[in-house]
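There are 6 protein chains.
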Amino acid sequence: MTTDYRIEQEPYYQPQSNEVALYEAAYAARLPVMLKGPTGCGKSRFVEYMAWKLQRPLITVACNEDMTASDLVGRYLLEAGGTRWLDGPLTMAARMGAICYLDEIVEARQDTTVVIHPLTDHRRTLPLDKKGEQVRAHPDFQLVISYNPGYQNLMKDLKPSTKQRFAAFDFDYPPPEQEARIVASETGIDEALAARLVKIAITARNLKGHGLVEGISTRLMVYAATLMKGGVAPRDACRMALVRPITDDADIRETLDHAIDAVFDAA
Amino acid sequence: MTTDYRIEQEPYYQPQSNEVALYEAAYAARLPVMLKGPTGCGKSRFVEYMAWKLQRPLITVACNEDMTASDLVGRYLLEAGGTRWLDGPLTMAARMGAICYLDEIVEARQDTTVVIHPLTDHRRTLPLDKKGEQVRAHPDFQLVISYNPGYQNLMKDLKPSTKQRFAAFDFDYPPPEQEARIVASETGIDEALAARLVKIAITARNLKGHGLVEGISTRLMVYAATLMKGGVAPRDACRMALVRPITDDADIRETLDHAIDAVFDAA
Amino acid sequence: MTTDYRIEQEPYYQPQSNEVALYEAAYAARLPVMLKGPTGCGKSRFVEYMAWKLQRPLITVACNEDMTASDLVGRYLLEAGGTRWLDGPLTMAARMGAICYLDEIVEARQDTTVVIHPLTDHRRTLPLDKKGEQVRAHPDFQLVISYNPGYQNLMKDLKPSTKQRFAAFDFDYPPPEQEARIVASETGIDEALAARLVKIAITARNLKGHGLVEGISTRLMVYAATLMKGGVAPRDACRMALVRPITDDADIRETLDHAIDAVFDAA
Amino acid sequence: MTTDYRIEQEPYYQPQSNEVALYEAAYAARLPVMLKGPTGCGKSRFVEYMAWKLQRPLITVACNEDMTASDLVGRYLLEAGGTRWLDGPLTMAARMGAICYLDEIVEARQDTTVVIHPLTDHRRTLPLDKKGEQVRAHPDFQLVISYNPGYQNLMKDLKPSTKQRFAAFDFDYPPPEQEARIVASETGIDEALAARLVKIAITARNLKGHGLVEGISTRLMVYAATLMKGGVAPRDACRMALVRPITDDADIRETLDHAIDAVFDAA
Amino acid sequence: MTTDYRIEQEPYYQPQSNEVALYEAAYAARLPVMLKGPTGCGKSRFVEYMAWKLQRPLITVACNEDMTASDLVGRYLLEAGGTRWLDGPLTMAARMGAICYLDEIVEARQDTTVVIHPLTDHRRTLPLDKKGEQVRAHPDFQLVISYNPGYQNLMKDLKPSTKQRFAAFDFDYPPPEQEARIVASETGIDEALAARLVKIAITARNLKGHGLVEGISTRLMVYAATLMKGGVAPRDACRMALVRPITDDADIRETLDHAIDAVFDAA
Amino acid sequence: MTTDYRIEQEPYYQPQSNEVALYEAAYAARLPVMLKGPTGCGKSRFVEYMAWKLQRPLITVACNEDMTASDLVGRYLLEAGGTRWLDGPLTMAARMGAICYLDEIVEARQDTTVVIHPLTDHRRTLPLDKKGEQVRAHPDFQLVISYNPGYQNLMKDLKPSTKQRFAAFDFDYPPPEQEARIVASETGIDEALAARLVKIAITARNLKGHGLVEGISTRLMVYAATLMKGGVAPRDACRMALVRPITDDADIRETLDHAIDAVFDAA
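So the protein sequences, as listed, match chains W, L, C, P, U and Z. Using the numbering used here, the first residue of the first sequence is number 1, and each one after it goes up by one. Using the numbering used here, the first residue of the second sequence is number 1, and each one after it goes up by one. Using the numbering used here, the first residue of the third sequence is number 1, and each one after it goes up by one. Using the numbering used here, the first residue of the fourth sequence is number 1, and each one after it goes up by one. Using the numbering used here, the first residue of the fifth sequence is number 1, and each one after it goes up by one. Using the numbering used here, the first residue of the sixth sequence is number 1, and each one after it goes up by one.
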């Protein structure tokens, strides 16, 4: 039942700019960090890579609107000999000096977002009100949050008093050649084939806001490439991994199916 | 109190296209899979068939809006000697290497849908935050979800960050001759009689969006055929199994009753 | 604390058409059944009669919007020696091979309605997720639901994927002579007097949709007849049992009071 | 901790018509009864009087929108030796053969109102689903509910399937002379003085629907008379007991204060 | 852990009219009492004064919308030897014969307000449904509620059936000379200075409904006087205690700041 | 598990006016205090400074909309030997004579805000209803709350009866030269460089209400200075710490990026 939060193998990560150096500077000052960008563009991978590079354990929490502060901070469990306190993932991270990564923070209820405030200013403490304890964060502890500015509604946004506690990084899909290299290297298909998948993805990304909530992510391209590698015909693989998951709109499906045909007819 | 999730007998399944091979490719790469299509067109039957063919246990969860993440992941039970952890169906599936089928996923609350994220990317882990354990999925584990694009409203849709984690299959009612064959083979009525039921169903399916939320499913045709096999007059069986369950609208009832009469007058 | 769900005495039931034979055919195939019709027209009586005729135990649940899936399926109770599982009425019915009658199913929350899905298709199982057990339904088990199409609003309707699991029966108030016979036979008043009560009820039923949500049910006529049998003056009995319970609208009260006077002046 | 629900002393009750005989007939047939009428007109007093006259215990429950079915039916309590079931007031009444009076039933949530259904038809049973027991009502048990048609909104009304289970009694304030007699006899002031209070009350009742939600009840007149009996000046007593509690509207206060002055100037 | 609810020292209270005598009459008849008036005008002080004068213990409950009936009535606590019942403040008051003061009753949920009904009519009992006990109120017990008619919205008002259970007292700010005397006597500043504070407060009270929800209360004047007594400059004290707490509107702040300047320039 | 709430080191605080003396006067009279002002302008720092100066322990609670009164007041914990009461932070502060600082009080639910009422008037008590105890506040106890008038909506505002219990302090960002001195002294960059950061912040603050909810706080400037000190290029540091965290609007980003360029081009 014990868990080791170390990243043992170097995660595959292709830097897009100087974000690695900037993150190292932010971590050196233990500034809380906010990662912004669309789904599947590599935010989670980046934080894993930095945790590996900085040799810190990484504790990830996927936030959701039904999560309570206790899910982060901890709770009492009832046992034979009475109650026993169980640290939540945030408390665990603060004690052990891990990087704590709260994925899609805006999905969480406010008690979740407010609970991080004293960890993100000069206090660097986490009050466990239910236990009567104040945890002073380990010197190596750092808080990282992610959020996707693309599809937040007005009801769900971070409060200004939360935003003003983070240094922020913008992420986006990598440039085409680099993205093709990533897909090729992750799946073993050749780069020319990967470049075709990127072409289809770019068509979809241009439709964002015109009927599509989000474009095709790098992850879905990896799916399509994996299926092709496994023997699935390219058009089947692309329809199944790139188009069907993201839309039920007949017009958009047709546009994307045409893009697939065009890309593979040209082959 | 032990349960075996193996499918022992080959489920009756009539392939509509190359979906069996595509699913096998997706399973070989352990890609998460999303099955889309109207009610009663065979999505659940397909996943049972594939579980049988792939020789994997199948754990099915019917999702609903009152289901919590704990219903999927597990919870502590209080017992004489203290608390005991009980794995939920998702955790059980991840440990034993089963196919976990979340039926009508969009009905669930967000904490249910977000909990599957780390199982559906390169991590393939399930954090049991309340237990302080990270379950690494068994190599044979696969996640399958279904959803019906026909009657989702704006309030209930999968988040883009969830959609972008699945390869998707489209399902629809089978073509008429094949559907008649299915009804005949499942109930033992002759194919000509089954073909009449299909005619009535097609009338109803054409009314979808014009007063009917959904058409007549294959399952209801099997009901009507079963009743006829049991001695019920065809018109009674059709009214009772095909029309009365799906509408209370007097006009639509009349249209469908006429269709029944027309089909059996012609006999 | 044990309970026997057998119906020991033949319930009084006057068939309106061939519904008894149709139900027997549906039960023979163990098809799930949906009973539709206005309040107090005899749906519950019919299912009791069929349970008696088929010699099956009957377990009835009055659904409501605060009912949880656990209320149907069961829950753990905490006891001296730890927790003990207690089957809910649906699980009990599935194990013992009873007819389980969910009265006014649309009132229930979705987790209640979704929980019946695996019991209403070829699986005929009930997963007890909290117990880690899958109950295979007894071969004699059948599920029956009722609902009243008259006063459902848009917010409360069965999902198409639920509707498409049932064969449906339409019910309505019996024809006048038969209804008078029912009232007379249940209360011991003479049929001529009962026929007058039916006349008043028909006046009210014609006002349905014109200020009355529902007409006067057979049950209320039985109340009025019982009061008259107990010595109450007919007009008092009718006002008290037929009019006052169903409306506070002054105009409608006057209309119905006139109908009462007219019926008894003519006597 | 034991309780006796017998009414030991004859409650003061002034019949307005033949309602005592009608209630006796309804009780003789054990018909469920609904009492309708404005606040403070004597509905609760009437049911106490009938309980005393019929020599039955009376269990009263003031309904409210936060009440659950368990509050009526019962629940498990955790004790040293495990859990112990505690009957709720409705179950207690059904077992002991009491009259159970659910005051202002429309305030309750639906699970409260639906739970009474099987007690109010030919079954006369109360299923304790959480205990796995079906309570057969004692032959003397009767259910009585009250509700005030005056200020119900559309959101809160009894469902037709609930209404159609009761014989109903209309209540209203007593005629002036009788009401004055009641006030005089309950407080010991003389009837001429009581008649003046009634005059003021009638002024207020005529404003009902014109700025007042409800008029002045008999109870408030008893308050005013009690204060006068205790030495308070009549105008002070009337302002304090008749006007200030029911309105903050300056115009209506002025109208009612004038009515008070007029009545006592005339003295 | 024991508590004595006696008021030991005479609370400072300046009668505004004959309210002390009227309250004594209401208490003599044990009539439930409702105190109405704006924030900080002395309602709580008055009930403390009366409790002291009548030599009764006083139990005060500040109502809020998250308070449940159990918070008033009591609940079971789990202990080593099983559960133990703990009386809530209302039950405690009813048993010991205290005055129970429910402050800002309209803030509470309906189950809180309905629970007081049987204590406020001829029954004078409090049913503890969860304990199966009926508490007969001590002969000295009295119920007092307060509410502020100034800022209630339509959603939050007492139900007519609750209002009609109380004799009511109107409160308002005292007349200027008296209010200055109160402020002077509570803080030790001289009456001329106190009169200036009252002048500023009157300016604010005239703005009520014109941008201010409520005027300046006597309490805030006591704060300002206390600060001046502690050496703070009058204008600073007034801005800090009279203006900044009640408004952020720039125009109203300016108006009130001018009033402060005018009052002290004139000095 | 013990905690010391003393501030051991003098917090860095630059007074803006006579607020230190005014606070000392308020504390001398133990007046409850409300701190108003925008995010990150130094409210929390001020209260820490005053706690240090007055030599009082400080207990801080970050309020949120899911916080219950029990989170402030305390609750029973279940242990081997039964239940044990655990004081919440407010009770702890009242007992030990600490300053209790409720940060962003308007975020809390009403039961949280009402629970402080008896601590903020002449009573200075905290009723622990669930424990049957009334805590008399330690003579040194003081309550402080903060709130940000800038982005409150109508749904979330303190009730007038709460506001009228506090003396209030207005806070704002410090004047430019002082703010530059603060940033320089906290991070070790030179004042000229810090002054440039302030220039950028002022540009952003002028956009408040014109697309920005809040301007750039002193805290974010400290972040930017820290990154520069750590070797990050000034423009990178400013984009990452001043602009990216507070806006995703392309126009505003461009405006602020230009301001950054202008400031550093001029260098």
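Where is the CB? At the ideal position from N, CA and C, for every residue including glycine. Computed from a prediction, not measured in an experiment: that's the story for all the values here.
If we count the other Cβ atoms within 10 Å of its Cβ and call it buried at 16 or more, is Pro-234/C buried or exposed? As a first step, residue 234/C is located in the third sequence; it is residue number 234 there, counting from the start. With 16 or more Cβ atoms within 10 Å of its Cβ, Pro-234/C is classed as buried.
Is the CB-CB distance between Asp-71/U and Asp-129/Z below 8 Å? Within the fifth sequence, residue 71/U is the residue found at index 71, counting from 1. Within the sixth sequence, residue 129/Z is the residue found at index 129, counting from 1. It is a contact, given that the beta carbons lie within the stated cut-off.
Using only the heavy atoms of the ligand HEM, determine whether one of them is closer than 7 Å to the beta carbon of Val-61/Z. Questions concerning the ligand HEM fall outside what the structure shown contains, since it holds no ligand whatsoever.
Less than 8 Å between the beta carbons of Ile-252/W and Ile-216/W, yes or no? By one-based count along the first sequence, residue 252/W stands at place 252. By one-based count along the first sequence, residue 216/W stands at place 216. Cβ atoms of Ile-252/W and Ile-216/W: not closer than 8 Å.
Could you tell me the alpha carbon to alpha carbon distance between Thr-255/W and Val-243/W, rounded to whole angstroms? Walking along the first sequence from the start, residue 255/W turns up at place 255. Walking along the first sequence from the start, residue 243/W turns up at place 243. Rounded to whole angstroms, the gap between the alpha carbons of Thr-255/W and Val-243/W is 10 Å.
Can you give the Cα-Cα distance for Ala-192/W and Lys-199/W, rounded to whole angstroms? The residue given as residue 192/W occupies position 192 in the first sequence. The residue given as residue 199/W occupies position 199 in the first sequence. Whole-angstrom Cα-Cα distance: 11 Å.
Rounded to whole angstroms, what is the Cα-Cα separation between Arg-109/W and Ala-94/W? Here residue 109/W refers to the residue found at position 109 when the first sequence is read from its first residue. Here residue 94/W refers to the residue found at position 94 when the first sequence is read from its first residue. Distance between the alpha carbons of Arg-109/W and Ala-94/W: 21 Å.
Contact list for Thr-39/L against chain C, beta-carbon separation under 7 Å: For the purposes of this step, residue 39/L is identified with residue 39 of the second sequence, where counting begins at 1. Neighbours of Thr-39/L on chain C, chain order: Pro-160, Ser-161 and Gln-164.
Any Cβ of chain Z within less than 8 Å of the Cβ of Pro-234/U? As a position in the fifth sequence, residue 234/U is number 234, starting the count at 1. Not one chain Z Cβ lies under 8 Å of Pro-234/U.
Asp-248/P (DSSP reduced to helix, strand or coil): Stepping through the fourth sequence from its first residue, residue 248/P is reached at position 248. Three-state DSSP puts Asp-248/P in coil, outside helix and strand.
Counterpart residues of Pro-127/Z in DSSP-defined beta bridges: One-based indexing of the sixth sequence puts residue 127/Z at position 127. Pro-127/Z pairs with Gln-134/Z.
How is the alpha helix (DSSP H) around Tyr-101/W delimited, first residue to last? Position 101 of the first sequence, counted from the start, is the residue given in the question as residue 101/W. No alpha helix (DSSP H) contains Tyr-101/W, which is instead part of the beta strand (DSSP E) from 99-103.
Look up Phe-142/C in the DSSP assignment and give the residues it is bridged to. Numbered from its first residue, the third sequence carries residue 142/C at position 142. With the sequence shown as reference, residue 142/C is identified as Gln, and Phe is not the correct amino acid for it. Answer is Ile-99/C.
Does His-117/U have its Cβ less than 8 Å from a Cβ in chain P? The residue given as residue 117/U occupies position 117 in the fifth sequence. Answer yes: the Cβ-Cβ gap between His-117/U and chain P drops below 8 Å somewhere.
DSSP-derived helix/strand/coil call for Thr-83/C: Counting from one through the third sequence, the residue named residue 83/C turns up at place 83. Of the three classes helix, strand and coil, the one that applies to Thr-83/C here is strand, per DSSP.
What are the boundary residues of the alpha helix (DSSP H) that Leu-207/U is part of? The count along the fifth sequence starts at 1 and reaches residue 207/U at position 207. Unbroken run through Leu-207/U: none, as it is neither H nor E.
Confirm, please, whether the CB-CB distance from Gly-97/Z to His-138/Z is below 8 Å. What you label residue 138/Z is simply residue 138 of the sixth sequence in a count that begins at 1. What you label residue 97/Z is simply residue 97 of the sixth sequence in a count that begins at 1. Yes, they are a contact pair.
Test: Pro-139/U CB closer than 8 Å to a CB of chain P: As a position in the fifth sequence, residue 139/U is number 139, starting the count at 1. For Pro-139/U, the closest Cβ of chain P is not nearer than 8 Å.
Helix, strand or coil, according to DSSP, for Lys-43/Z in the structure here? Against the sixth sequence, residue 43/Z aligns to sequence position 43. Here Lys-43/Z sits in helix by DSSP.
Report the rounded CA-to-CA distance for Thr-218/L versus Asp-172/C, giving the unit in angstroms. Numbered from its first residue, the second sequence carries residue 218/L at position 218. Numbered from its first residue, the third sequence carries residue 172/C at position 172. If I take the Cα positions, the gap works out to 29 Å.
Tell me whether Leu-154/U is buried or exposed, calling it buried when 16 or more other Cβ atoms sit within 10 Å of its Cβ. Taking the first residue of the fifth sequence as 1, we reach residue 154/U at position 154. Confidence at Leu-154/U is low in this model, with a pLDDT of 47, below 50, so its placement is unreliable and no value can be given for it.
If you pair each beta-carbon of the stretch 84-92 of chain Z with each one of the stretch 35-47 of chain U, do three or more pairs fall below 8 Å? no
Roughly how many angstroms separate the alpha carbons of His-258/P and Pro-175/P, rounded to a whole number? In the fourth sequence, the residue the question calls residue 258/P occupies position 258. In the fourth sequence, the residue the question calls residue 175/P occupies position 175. When rounded, the distance between both Cα atoms is 23 Å.
Cβ shell of Val-61/U (< 6 Å), same chain only, five flanking positions each side left out: Counting from one through the fifth sequence, the residue named residue 61/U turns up at place 61. Excluding residues within five positions, the ones whose Cβ falls inside 6 Å are Pro-89 and Leu-102.
Under a Cβ-count criterion, where at least 16 other Cβ atoms within 10 Å of its own Cβ denotes burial, should Tyr-12/Z be classed as buried or exposed? Residue mapping note: residue 12/Z aligns to position 12 of the sixth sequence, counting from 1. Exposed, by the Cβ-count rule.
Answer yes or no: do Val-33/W and Phe-166/W have a C-beta to C-beta separation smaller than 8 Å? Position 33 of the first sequence, counted from the first residue, corresponds to residue 33/W. Position 166 of the first sequence, counted from the first residue, corresponds to residue 166/W. A contact, by the Cβ cut-off of 8 Å.
Quick one: which residues of the stretch 50-75 of chain Z get their C-beta closer than 8 Å to a C-beta of chain W? List them in chain order. Thr-60, Val-61, Ala-62, Cys-63, Asn-64, Glu-65, Asp-66, Met-67, Asp-71 and Arg-75
Whole-angstrom distance between Ala-195/L and Glu-177/L, CA atom to CA atom: Stepping through the second sequence from its first residue, residue 177/L is reached at position 177. Stepping through the second sequence from its first residue, residue 195/L is reached at position 195. Using only the alpha carbons, I get a separation of about 7 Å.
Within-8 Å CB hit, Arg-219/P to chain U: If you number the fourth sequence from 1, residue 219/P lands on position 219. So, interface residue.
Find the residues of chain Z that neighbour Val-213/U, judging by a C-beta separation of less than 8 Å, and give them in chain order. By one-based count along the fifth sequence, residue 213/U stands at place 213. The contacting residues are Pro-160.
Among the candidates Val-213/W, Gln-164/W and Pro-127/W, whose CA atom is the shortest distance from the CA of Thr-162/L? Reading the second sequence from its first residue, position 162 is the one you call residue 162/L. Out of Val-213/W, Gln-164/W and Pro-127/W, Val-213/W has the C-alpha closest to the C-alpha of Thr-162/L.
Whole-angstrom distance between Asp-249/P and Phe-169/U, CA atom to CA atom: In the fifth sequence, residue 169/U corresponds to position 169, counting from 1. In the fourth sequence, residue 249/P corresponds to position 249, counting from 1. If I take the Cα positions, the gap works out to 15 Å.
In whole angstroms, what is the alpha-carbon distance linking Glu-65/W and Glu-107/W? For the purposes of this step, residue 65/W is taken as residue 65 along the first sequence, with counting starting at 1. For the purposes of this step, residue 107/W is taken as residue 107 along the first sequence, with counting starting at 1. Cα to Cα, the separation comes out at about 5 Å.
What's the call for Glu-104/Z, buried or exposed, on a 16-neighbour Cβ count within 10 Å? Here residue 104/Z corresponds to residue number 104 of the sixth sequence, with the count starting at 1. It counts as buried.
State the Cα-Cα distance for the pair Val-20/C and Leu-31/L, rounded to the nearest angstrom. Here residue 20/C corresponds to residue number 20 of the third sequence, with the count starting at 1. Here residue 31/L corresponds to residue number 31 of the second sequence, with the count starting at 1. Approximately 51 Å, taken between the alpha carbons.
Can you list, in chain order, the residues of its chain whose CB lies under 7 Å from that of Ala-184/P, leaving out five sequence neighbours each side? Numbered from 1 along the fourth sequence, position 184 holds the residue referred to as residue 184/P. So the qualifying residues of the chain are Asp-190, Glu-191 and Ala-194.
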